[in-house]
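Residue numbers (this note's numbering): 7 to 106.
Beta carbons: idealized from backbone N, C-alpha and C, even for Gly.
Structure record follows, encoded as structure tokens.
Dropping the structure here:
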């Protein structure tokens with residue numbers, strides 16, 4: 007039986023953190039706002055090649071990618087604050103509650 011992870015706050019309110027689960031690379035414009043608000047190292051900017059493959063960014067290889075997008079590099083480091091989703095101008099993020 008799965009249960010959602012929740013925390014009782016000092017106010018008595020129950021809070022259910024939601025953790026980053028997906029990021030829509032088609033909507034992402036690579037602005038980096040989410041990267042700047044995430045202090046946990048969850049996100050990483052990547053290049054997208056002509057055929058849609060993600061490639062690591064390298065200052066010397068700017069001709070190899072068509073655009074930049076944010077990726078979820080370390081979802082396990084997410085603390086469920088949802089700051090990335092709140093600042094994203096394109097609403098690229100989806101979060102989900104942890105199941106215990």
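> Taking the alpha carbon of residue 91 as the point to measure from, which residue in 9, 14, 8, 43 has its own alpha carbon closest?
Replying inline: 43
> CA-CA distance, residue 84 and residue 9?
Replying inline: Computed Cα separation, rounded: 19 Å.
> Taking the C-alpha atoms as reference points, what is the distance between residue 28 and residue 36?
Replying inline: 15 Å
> DSSP beta-bridge partners for residue 50?
Replying inline: 77.
> Using 8 Å as the threshold, is the segment 46 to 54 in touch with the segment 71 to 88, meaning 3 or more CB pairs across them?
Replying inline: yes
> With burial defined as no fewer than 16 other Cβ atoms inside 10 Å of the residue's Cβ, what is the status of residue 59: buried or exposed?
Replying inline: exposed
> So what's residue 83 in DSSP terms, helix, strand or just coil?
Replying inline: The three-state secondary structure of residue 83, taken from DSSP, is helix.
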